[in-house]
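A.B. asks: Residue 503 in this note's numbering sits at position 52 of the sequence shown; the count goes up by one each step and never skips. Glycine included, every Cβ here is placed at the ideal spot set by N, Cα and C.
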Amino acid sequence: MARLCHIASIVVNILVLMCILAEEEHYSDNYDNIDYHTILNNKTARDSYYDCFMEIAPCQAPVQKALTSMFSEAYHTKCKKCTEKQKEMLSSVIDWYMKNDPDKWQLILAKSIEDMKKKVTQ
452 MARLCHIASI VVNILVLMCI LAEEEHYSDN YDNIDYHTIL NNKTARDSYY
502 DCFMEIAPCQ APVQKALTSM FSEAYHTKCK KCTEKQKEML SSVIDWYMKN
552 DPDKWQLILA KSIEDMKKKV TQ
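Structure (structure tokens):
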């Protein structure tokens with residue numbers, strides 16, 4: 452009986468460990484309610500985010516820094532750590548640039564590749 456209890460205890464511990472390891476890491480949802488449609492449709496705001504991401508100019512707000520810092524990884528991992536809202540946001544941003552400013556999209560894509568290369572070598 453003691454042996455059976457010991458085995459049951461081990462099984463329970465393994466199951467708990469598996470549950471802990473199975474929890475996926477997600478990006479913070481602090482900025483999930485940002486009105487990204489307004490940003491995409493406002494040239495000044497859009498350019499400010501673009502300049503922040505491309506490191507052409509300093510980020511003007513914490514939200515810019517947060518969103519642009521996660522963009523490269525989110526794009527290249529197909530938004531594995533994204534909330535549903537972040538997946539929607541990323542998809543809209545990509546679609547907007549591909550349709551409306553493909554030259555900038557190519558620059559964004561090139562920078563995101565470089566960002567990921569740096570991350571891998573760190």
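Count the C-beta pairs between the stretch 531-545 and the stretch 476-492 that are closer than 8 angstroms, then say yes if the count reaches three, no if not.
C.D. replies: Enough Cβ pairs lie closer than 8 angstroms, so yes.
A.B. asks: Taking the straight line between their C-alpha atoms, what separation do you get for S479 and W556?
C.D. replies: Cα to Cα, S479 sits roughly 25 angstroms from W556.
A.B. asks: Excluding the five sequence neighbours on either side, which residues of its own chain have a C-beta within less than 8 angstroms of the C-beta of I490, listed in chain order?
C.D. replies: The answer, listed in chain order, is A496, R497, Y500.
A.B. asks: Between D566 and the rest of its own chain, which residues show a CB-CB distance below 7 angstroms, the 5 nearest in sequence each way excluded?
C.D. replies: Excluding residues within five positions, the ones whose Cβ falls inside 7 angstroms are S523.
A.B. asks: Among K529, W547, L560, H527, which one has its Cα closest to the Cα of K494?
C.D. replies: W547
A.B. asks: So for C503, helix, strand or coil by DSSP?
C.D. replies: helix
A.B. asks: Grab me the residues of A508's own chain with a C-beta within less than 7 angstroms of its C-beta, minus the 5 sequence neighbours each way, in chain order.
C.D. replies: D502
A.B. asks: Using the rule of at least 16 other Cβ atoms within 10 Å of the residue's Cβ for burial, across every protein chain shown, is V571 buried or exposed?
C.D. replies: exposed
A.B. asks: Which same chain residues, not among the five before or five after L518, have their C-beta less than 7 angstroms away from its C-beta?
C.D. replies: Y482
A.B. asks: Quick one: Cα of C533 to Cα of N551, how far?
C.D. replies: 24 angstroms
A.B. asks: Select from M549, K529, E506 the residue whose C-alpha is nearest the C-alpha of H477.
C.D. replies: K529
A.B. asks: Does Q515 pass the burial test, meaning 16 or more other C-beta atoms within 10 Å, or should it be called exposed?
C.D. replies: buried
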